[in-house]
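Visitor: Here's a structure for you.
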Amino acid sequence: MWCEEPNCQHPVHDIDKGVYEFKSPREWVEKVAPYANLIAGVLKTLTPITAPAANMFFGEDFMKVSNIQSQLEIMKELTNTILSDDKLLIDGTVGMRDGLLTQAERSGILALHSFLNEEDPHYQRLGLKRLPTYTGDYLWLCEKHYQNRQSKMPQF
1 MWCEEPNCQH
11 PVHDIDKGVY
21 EFKSPREWVE
31 KVAPYANLIA
41 GVLKTLTPIT
51 APAANMFFGE
61 DFMKVSNIQS
71 QLEIMKELTN
81 TILSDDKLLI
91 DGTVGMRDGL
101 LTQAERSGIL
111 ALHSFLNEED
121 PHYQRLGLKR
131 LPTYTGDYLW
141 LCEKHYQNRQ
151 SKMPQF
């Protein structure tokens, strides 16, 4: 999980936050796998390009200490294993097509969204708080940055 405070993005490592342990049926994992595979592929491609900037911003050994590359390798390997099973083998159209997700990827993100809404409908276990912006978007902030952005009552 990452705090999205402008000019101060950082990972959030709160105890028991941002972790969802669950037992899921294979069908659910099969639905989520195409989307997870897409995300893992994009992140794996971008990580070597962005690693120097991340190291400069967060500290010289950030990429080594955070272990991001090995986590992406594991995620990609797991989703490829699931996707290579008989009925899940997808043809060469996997990935972006005219800027849109494939049907399998779209189903995956919807299944993930549905799971998170059922598991944590008020985002209490996420470790981040949602703050609306003036553009109608949301920022996901850690507790400290969220509190810093709250209006303070004037003291007279």
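Position 151 of the sequence shown, counting from 1, maps to 151 under the working numbering, and the rest follow consecutively. The beta carbon of each residue, even a glycine, is placed where N, CA and C say it ideally should be.
1) Pull up the DSSP beta-bridge partners for P11, would you.
2) I need the DSSP call for R130, collapsed to helix, strand or coil.
3) Measuring straight from C-alpha to C-alpha, what distance separates T47 and L72?
4) Taking a contact to mean a Cβ-Cβ separation below 9 Å, would you say K17 touches R125 in this structure?
5) Between the Cα of I142 and those of V12, H113 and F156, spot the shortest distance and give me the residue it belongs to.
6) For L101, name the three-state secondary structure that DSSP assigns.
Guide: The answer reads as follows:
1) Walking along the sequence shown from the start, residue 11 turns up at place 11. DSSP, once it has assigned bridges, lists W2 as partnering P11.
2) As a first step, residue 130 is located in the sequence shown; it is residue number 130 there, counting from the start. R130 falls in the strand class under three-state DSSP.
3) Along the sequence shown, read from residue 1 onward, the residue named residue 47 stands at position 47. Along the sequence shown, read from residue 1 onward, the residue named residue 72 stands at position 72. Distance between the alpha carbons of T47 and L72 is about 9 Å.
4) As a position in the sequence shown, residue 17 is number 17, starting the count at 1. As a position in the sequence shown, residue 125 is number 125, starting the count at 1. In this structure, R125 lies closer than 9 Å to K17 by Cβ.
5) Translated into the one-based positions of the sequence shown, residue 142 becomes position 142. Note that residue 142 is Cys in the sequence shown, not Ile. Considering only alpha carbons, the answer is V12.
6) Here residue 101 refers to the residue found at position 101 of the sequence shown. L101: coil per DSSP, three-state reduction.
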